Amino acid sequence: MAQKPLSPLMRLRTLRHITQKELADALGVTENTVANWERGRAIPKLTPSQFKALLKVLQITADELPDDFGPPANSLSKAEN
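To convert, note that position 70 of the sequence shown is 88 in the numbering used here; the numbers rise steadily by one, no gaps.
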């Protein structure tokens, strides 16, 4: 069974040893919300303060932030088949 590719958000989060709960708490959202972003089930709608918190927690600049938080689009169709 092929392993599903990690979403960019999950990759950044795990690289920093941050749990979904820790990220959710820092942003003032639920753990389920973070999970949905990582699965591509929801598009993040962040306030400016949440955006700043995300950059701080992940230790990245705005330029380093991925365009999409979910898994690569082509992996979704492959995983569903």
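C-beta: ideal position from N, C-alpha, C; glycine also. The model shown is predicted, which means the values in this text are computed figures rather than measured ones.
Rank the options by C-alpha distance to the C-alpha of residue i and give the top, closest one.
| i | options | result |
| --- | --- | --- |
| T37 | T65, E56, A80 | E56 |
| G88 | A44, L64, R59 | R59 |
| V47 | A71, R34, R29, M28 | A71 |
| A53 | L73, R29, F69 | R29 |
| T51 | H35, L73, L27, L33 | L27 |
| D86 | A80, I61, T79 | I61 |
Do residue j and residue i come within 7 Å of each other at the CB atom, strictly closer than that value?
| i | j | result |
| --- | --- | --- |
| A44 | V75 | yes |
| K39 | E49 | yes |
| P90 | P23 | yes |
Would you please state the rounded distance, in angstroms, between the beta carbons of residue i and residue j? I believe it to be under 8 Å.
| i | j | result |
| --- | --- | --- |
| R34 | Q77 | 6 Å |
Checklist entry - What beta strand (DSSP E) runs, 3 residues minimum, are completely inside the stretch 43-79? => result none
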